[in-house]
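Numbers 46 to 219, taken from this note's numbering, label the letters of the sequence shown in order.
Ideal placement from N, C-alpha and C gives every residue a C-beta, glycine not left out.
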Amino acid sequence: MSPTGLIAYSEATRYTAVKRLEAEAWCRAHGQRLGRHVLYPRTKGFIACVQTLRQTKHITAILDVTVAYAKDGKLFQLPPSFAETVMLPDLDNRWRFFVHVDRHAISELPHTSEGLAQWLEDRWVKKGERLEKMRQLLADGEEWTADIFDAPHVQKSQDNVLNDAQDVTAGHRS
């Protein structure tokens, strides 16, 4: 059987300051936690995907992928354009890329809709904490290193990111 992957962007929209304010208001009104630097995840699509995919034998894991990039020491910039990625030989001198992947066996995820929703919400809070720590390190003039977090991650130049792109099968931009 050939490899199968499904990419789900659980925030369901691009991050903007206005959407962040809307998410904060919604979370306050509904008593929900909201991670830093992220929007509230949409749980219904995630739950439907997991409940369906766990019935197959060839889907064994969920990959939670966080991708962040900084340009000239500033986190949360727009990503480089395709043209910049291809045509600028010194892209890695101005940009830093961070990819963090957590693998979760699908069999170990909660089995109820409520449990899956809570699991995803908790992941988003953790994702926000990770992004805040990265922001703080940059603000303090420190580099992102392999020992920042308790799980493995990769910080690579543009050339290595492009070479490893086929390794990422599911993801989320935070």
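Boundaries of the beta strand (DSSP E) in which K116 is found, first to last residue = In the sequence shown, residue 116 corresponds to position 71, counting from 1. Looking at the DSSP string, the run of the beta strand (DSSP E) that includes K116 is A106 to K116.
ask   = What is the rounded straight-line gap between the Cα of T97 and the Cα of G160?
value = Here residue 97 refers to the residue found at position 52 of the sequence shown. Here residue 160 refers to the residue found at position 115 of the sequence shown. The straight-line gap from Cα to Cα measures roughly 15 angstroms.
task = With a cut-off of 8 angstroms on the beta carbons, I'd call C72 and L79 a contact; round off their distance for me.
result = Within the sequence shown, residue 72 is the residue found at index 27, counting from 1. Within the sequence shown, residue 79 is the residue found at index 34, counting from 1. Rounded, the Cβ-Cβ distance is 4 angstroms, consistent with contact.
Buried versus exposed, by CB contacts within 10 Å (16 or more), M54 = In the sequence shown, counting from the first residue as 1, residue 54 sits at position 9. Just to set this straight, residue 54 is Tyr in the shown sequence, not Met. Y54 should be labelled exposed.
Whole-number beta carbon distance between A162 and T88, since they are thought to touch under 8 angstroms = Here residue 88 corresponds to residue number 43 of the sequence shown, with the count starting at 1. Here residue 162 corresponds to residue number 117 of the sequence shown, with the count starting at 1. So it is a contact: roughly 4 angstroms between Cβ atoms.
ask   = Secondary structure at L51, three-state DSSP: helix, strand or coil?
value = The residue given as residue 51 occupies position 6 in the sequence shown. The answer is coil: DSSP assigns L51 none of H, G, I, E or B.
key: Cα-Cα separation between S126 and M132, rounded to whole angstroms   = Along the sequence shown, one-based indexing puts residue 126 at 81. Along the sequence shown, one-based indexing puts residue 132 at 87. Near 10 angstroms, if we compare the C-alpha coordinates of M132 and S126.
key: Top-ranked residue by Cα proximity to N138, from A68, W164 and E129   = As a first step, residue 138 must be located in the sequence shown, where it is residue number 93. Minimum Cα distance to N138 is reached at E129.
key: Reference D147, options I107, Y85 and M179, closest by Cα   = Here residue 147 refers to the residue found at position 102 of the sequence shown. Considering only alpha carbons, the answer is I107.
message = Here's the rule I'm using: 16 or more other beta-carbon atoms within 10 Å means buried, otherwise exposed. How should P123 be labelled?
response = Mapped onto the sequence shown, residue 123 falls at position 78. Rather than Pro, the amino acid found at residue 123 in this sequence is Leu. Under this definition L123 is an exposed residue.
query = In three-state DSSP terms, what is L183?
reply = By 1-based counting over the sequence shown, the position of residue 183 is 138. The answer is helix: DSSP assigns L183 an H, G or I state.
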